[in-house]
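Which chain is which? The protein sequence lines are A and B, in order. Going by my numbering, the first residue of the first sequence is number 337, and it counts up by one from there. Going by my numbering, the first residue of the second sequence is number 10, and it counts up by one from there.
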Amino acid sequence: MSTAPNMVVGQSRVARWAFNGSVIVLCLWVLVPIYLLIANALSAPSEVTQFPKKMVPSFDTESVEFFLYFNGVGKALWSSVQVAFLTMVMSILIGAPAGYSLSRFDFRGKNAFRILVLMTRAFPLPLLALPMAIMFIRVGLDDTVFGLALVHTTLALPFAVLITFSLFSGIPIELEEAAWTLGCNRLQAFFKVIFPLVLPGITASAIFAFVVSWNEVFAAAVLTIEHRTLPAFLLQSLDVAPLHLKFAGGAVLVVPALIFIFFVRKYLFAMWGIANR
Amino acid sequence: MQSRALPYLLLLPATLFLLLFFLYPFVLVAWQAFATDEGVLTTKYFDKMISHWKFEKALTYTLLLALVVVPIQVALSLLMATLVASMKKGRDIILYIWTIPLGISDLAAGLIWLAIFEQTGFLNSILFSTGIIDEPMTFLGYQDKGMIFLAVVLAEVWRATAIMLVILVAGIGLIPKEYYEAAQVYGANTWQRFTKITLPLLKPSLQTALILRVILAFEVFAVVAALGGTNLPVLMGEVYNRQFELQDSHTAAAFAMLILLISIISTVFFMWTLRTPKEASL
Chain A
337 MSTAPNMVVG QSRVARWAFN GSVIVLCLWV LVPIYLLIAN ALSAPSEVTQ
387 FPKKMVPSFD TESVEFFLYF NGVGKALWSS VQVAFLTMVM SILIGAPAGY
437 SLSRFDFRGK NAFRILVLMT RAFPLPLLAL PMAIMFIRVG LDDTVFGLAL
487 VHTTLALPFA VLITFSLFSG IPIELEEAAW TLGCNRLQAF FKVIFPLVLP
537 GITASAIFAF VVSWNEVFAA AVLTIEHRTL PAFLLQSLDV APLHLKFAGG
587 AVLVVPALIF IFFVRKYLFA MWGIANR
Chain B
10 MQSRALPYLL LLPATLFLLL FFLYPFVLVA WQAFATDEGV LTTKYFDKMI
60 SHWKFEKALT YTLLLALVVV PIQVALSLLM ATLVASMKKG RDIILYIWTI
110 PLGISDLAAG LIWLAIFEQT GFLNSILFST GIIDEPMTFL GYQDKGMIFL
160 AVVLAEVWRA TAIMLVILVA GIGLIPKEYY EAAQVYGANT WQRFTKITLP
210 LLKPSLQTAL ILRVILAFEV FAVVAALGGT NLPVLMGEVY NRQFELQDSH
260 TAAAFAMLIL LISIISTVFF MWTLRTPKEA SL
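Printed below as a string of structure tokens:
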């Protein structure tokens, strides 16, 4: 991936210091704020509002416990997991076949579909929550986990299509053809030869869909009342919740996403790569 | 015969899904903004939107935020992308660290910066401990919109620069190495290589990144809610208030149409100003 020539080696010490210095400062810029949130979450409620605040947490779990047992949090967490899981399953089941089709066939209308997928990028998607609210009332899906998952799938589906497209494109069609000549039909060839090869990438794409749904605030807050997800719950308690509740909630929101992104980091580029051409 | 139908069969679920849950709802929301429940065309919801006292503020703050945040992000992501491109060791780990905010929700990002800016927060604690202030300051009070604005800018830059970074890093990867080598042979320095090779050849990626990022900037909502509550009105916040708090989905839809309109204007603007002639593309 890296192509620009190395500008560190062979240059002055000043340049090297400037280079390393900026890299370190930029790393701190990203990491320190996250550390501060987690330090807050791992402090006792009294320490959160204490002044001046200590930079090192006391590793007290009272804030997090208070948050987890707070009225409505358990339910919100469960809704979040359900919605994210449904989003993950739907976007892969619908997106992966499309990605495969785009990578393996040339056919009329292919470009129209690509434009449809890329168009989703040029629209403010959270606004979909407004018409969906009306649609869902008509068909009885209002305030349901499944209804919200449908909206989240619209957010995640373009990514699933693009990632799986680039995954399948990276596997030579000759592998499949070899399986056909050895007596596999199309479906067998796919599941015996191609599927094991793309499984890590599919998993990454599924995880990404999970994170998209896990993090989404606006549609979740508009579309659910009884089945509020965690971000919707946090948003609606912003005015009333004490600080330690907000920070513990923020940390509970951030930590899983951090872990998930670590596992999908290799595939981050596949998601946007196609848009560069 | 089966094989000719196959690509369409595979595309069918995704196409139907996007038609039903993406294109159709946008038609629906437009109808909602322009027509009453009885189906009579009207502009009264737009009049209601415009005459609301918060309308001008919400529009101004939304545009101003995008205007301040996006240029900072362009500069920062260009710097990060060029740093990454000239890295030999540790490239992967640095890139992971820099793209962490990609996985963090806008609400969580708002809460992260709230931990820094609130009255007993880390900024006050540091200023107090170093003796710069004698008592904690109220940074995010309703009377101090400038400070709230600044906090939102920082949180937005912190959270959403990673999206641009990923697109730009992918774009730099497409630029042939030979160009840089040739430039070096002719004695071009780092800055010249950046302005004469990287920038012009990165234009398509920059365009993608800008289109995406500006649309996201117009959707700013949860970061503002976490840091400023309703003290800093933005368009998306007004949509939320109309729809959820006031149950006035028609005016909410009118606000939505406005966001859609400025999104389309900005997309067309970047498509036109940053267009690459066919023969000049890589």
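Cβ atoms here follow ideal geometry from the backbone N, Cα and C, with glycine treated the same way.
Non-local beta-carbon contacts of A/Met424 in its own chain, meaning distances under 6 Å to residues more than five positions away in sequence, involve Ala542, Ala545, Phe546 in chain order. With a threshold of 7 Å between beta carbons, B/Tyr195 makes no contact with chain A. When the alpha-carbon of A/Ile370 is set against those of A/Phe583, A/Phe596, A/Phe605, the nearest one is in A/Phe583. With a 10 Å radius around the Cβ and a threshold of 16 neighbouring Cβ atoms, A/Tyr603 comes out buried. Annotated as proximal: A/Leu477 and A/Gly483, with beta-carbon spacing under 7 Å. Across the segment 558-579 of chain A, CB contacts with chain B closer than 7 Å involve Val558, Pro567, Leu570, Leu571, Leu574, Asp575, Leu579, in sequence order along the chain. Secondary structure of B/Ala197 (DSSP, three-state): coil. Looking at the DSSP output, B/Ala44 shares a beta bridge with B/Leu50. Burial is judged here by how many other beta carbons sit within 10 angstroms of a residue's own beta carbon; A/Gln524 has fewer than 16 and is exposed.
Secondary structure at B/Asn240: coil, using DSSP grouped into helix, strand and coil.
Residues of chain A whose Cβ lies closer than 7 Å to the Cβ of B/Pro145 are, in chain order, Phe387.
In the three-state DSSP reduction, B/Leu132 falls in the helix class (H, G or I).
Using a Cβ-Cβ cut-off of 7 Å, A/Asn376 is close to Ala124 of chain B, given in chain order.
Considered as a whole, the segment 168-219 of chain B harbours 186-194, 199-202 as its complete alpha helix (DSSP H) runs of no fewer than 4 residues, in chain order.
Against A/Gly586, the close residues of chain B are Ala117, Leu120, Ile121, in the order they occur along the chain (beta-carbon pairs closer than 7 Å). Not flagged as an interface residue toward chain A: B/Ala44, since no C-beta distance is shorter than 7 Å.
The three-state secondary structure of A/Phe504, taken from DSSP, is helix. Within the same chain, Cβ atoms closer than 8 Å to the Cβ of B/Leu50 are found at Phe43, Ala44, the five residues on either side in sequence being excluded. The beta-carbon separation of B/Ala261 and A/Leu466, rounded to 6 Å, stays under the 8 Å limit for a contact.
Note on B/Gln201: under 16 other CB atoms within 10 angstroms of its CB, so exposed under the neighbour-count rule. In chain order, Ile103, Ile106, Trp107 make up the part of chain B whose C-beta sits under 8 Å from the C-beta of A/Cys363. For A/Cys363, the enclosing alpha helix (DSSP H) covers residues 349-377. For A/Pro532, the enclosing alpha helix (DSSP H) begins and ends at 531-551.
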